[in-house]
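Residue numbers (my numbering): 11 to 275.
Working notes, structure below.
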Amino acid sequence: MNNQFDESVQLEIESILAIFPKEVFIESNSRIIVEYENNAHLHIRLPLDYPKNPPLFELVSPALSSENRKELLSILNKFCSENNGEQILYSLIQCFMEYFCDLGEKEKEKQKITEKEEGNDLTINIPLPSNFYSGKAIEDRKSVFQGHVTKLDSKDKVPKLLESLKTVGKIARARHNPYAWRIVNDAGRAIEQHDCDDDGETGSASKLLRLLMQMDAKDVLLVVSRWKGGNKIGPDRFRHICNAGRDALISGGFVVVKGEGEKNI
Numbered sequence: 011m012n013n014q015f016d017e018s019v020q021l022e023i024e025s026i027l028a029i030f031p032k033e034v035f036i037e038s039n040s041r042i043i044v045e046y047e048n049n050a051h052l053h054i055r056l057p058l059d060y061p062k063n064p065p066l067f068e069l070v071s072p073a074l075s076s077e078n079r080k081e082l083l084s085i086l087n088k089f090c091s092e093n094n095g096e097q098i099l100y101s102l103i104q105c106f107m108e109y110f111c112d113l114g115e116k117e118k119e120k121q122k123i124t125e126k127e128e129g130n131d132l133t134i135n136i137p138l139p140s141n142f143y144s145g146k147a148i149e150d151r152k153s154v155f156q157g158h159v160t161k162l163d164s165k166d167k168v169p170k171l172l173e174s175l176k177t178v179g180k181i182a183r184a185r186h187n188p189y190a191w192r193i194v195n196d197a198g199r200a201i202e203q204h205d206c207d208d209d210g211e212t213g214s215a216s217k218l219l220r221l222l223m224q225m226d227a228k229d230v231l232l233v234v235s236r237w238k239g240g241n242k243i244g245p246d247r248f249r250h251i252c253n254a255g256r257d258a259l260i261s262g263g264f265v266v267v268k269g270e271g272e273k274n275i
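Here's what the structure looks like:
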């Protein structure tokens, strides 16, 4: 750093380097660079008569929206103007970093609200492709489960049917969409074909396939969407997956339930 600065300014610079060892770097002469999590930089240039005149700065943050960029620059300029004549490097850097910290918290809150609204929407209706039927949504600790079922007469149609289902935005955004299908050809002697896929929810697809077999659901593709709300629910998720699938099969008329007293799986 330029030794033309008086001792108090040099001590100020040394102190911010000690306080922010990973975030603050001296580039050359009177230029200081502040980095926030690799995605935002504040380039500070000290005039030789600092602090009589405030620091000059440039904001480099490609990911920041134009609206947020304008807001942050306004905050920093106002801070410098209100504290002109004082040593403000520490507070200026804090102001810069706190803005991004607050912005991150706002984004998290926004995401929580979005997930809650989407979870609430699921209990009403999702517009599905005409060949699919959705059952009632099940909600537990902010996780939502919902079964979708359609008729299936050929295993070759499975990829296209799944693709069709995921044209629905909410379903495409689900954390997991495990599925199972079962086809039984009763001509002559019964020939069964079946398969399943966890889609990242390990162990769920085999339970759905077992559900199809136990309920003797024939010629169907069953998908259960799970939207996670951030709270872990442990093994209960498998019970909800099976119950969501079971509800879709029954309420959609894809199976005949024997006995009115039958319990959920």
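Ideal Cβ positions, reconstructed from N, Cα and C, are used throughout, including at glycine.
Does residue i pass the burial test, meaning 16 or more other C-beta atoms within 10 Å, or should it be called exposed?
| i | result |
| --- | --- |
| G262 | buried |
| I4 | Absent from the structure is residue 4, since the part of the chain shown begins at 11 and ends at 275. |
| L221 | buried |
| D257 | buried |
| S40 | buried |
| I29 | exposed |
| K273 | At K273 the pLDDT is 41, less than 50, meaning the model places this residue with poor confidence; the figure from the coordinates comes in the next sentence. Exposed, since its Cβ has fewer than 16 Cβ neighbours within 10 Å. |
| K88 | exposed |
| G179 | exposed |
| V267 | exposed |
| I42 | buried |
| D246 | exposed |
| Q156 | buried |
| N187 | buried |
| D16 | exposed |
Kindly indicate which three-state DSSP category residue i falls into: helix, strand or coil?
| i | result |
| --- | --- |
| K170 | helix |
| E37 | strand |
| R79 | helix |
| Q203 | strand |
| N63 | coil |
| V70 | strand |
| R55 | strand |
| D150 | strand |
| K161 | strand |
| E211 | coil |
| I23 | helix |
| S101 | helix |
| A184 | coil |
| A108 | Going by the sequence as given, residue 108 is Glu instead of Ala. The answer is helix: DSSP assigns E108 an H, G or I state. |
| E96 | coil |
| E47 | coil |
| F264 | coil |
| S144 | strand |
| F3 | Residue 3 is absent from the structure shown; the chain starts at 11 and stops at 275. |
| F89 | helix |
Compare the C-beta of residue i with all C-beta atoms of chain B and state if any pair is closer than 7 Å.
| i | result |
| --- | --- |
| I54 | No chain B appears in the structure shown, which is made up of a single protein chain. |
Can you tell me the Cβ-Cβ gap for residue i and residue j, rounded? I've got them flagged as a contact below 8 Å.
| i | j | result |
| --- | --- | --- |
| G239 | R151 | 7 Å |
| D226 | V265 | 7 Å |
| I85 | C111 | Contact doesn't hold; Cβ gap of about 13 Å is too wide. |
| E211 | R183 | About 15 Å separates the two Cβ atoms, so there is no contact after all. |
| Y189 | L218 | 7 Å |
| P139 | S174 | 5 Å |
*Should the stretch 82-96 be called in touch with the stretch 18-25, which here means at least 3 C-beta pairs below 8 Å?*
no
_Could you tell me which whole beta strand (DSSP E) segments of length 3 or greater appear in the stretch 218-249?_
230-237
_Within 8 Å, do at least three Cβ pairs link the stretch 226-241 to the stretch 184-195?_
yes
*Looking at C-beta atoms only, is the number of pairs between the stretch 46-57 and the stretch 66-77 that lie closer than 8 Å three or more?*
yes
*Counting Cβ pairs closer than 8 Å, one from the stretch 93-112 and one from the stretch 50-65, do we hit at least three?*
yes
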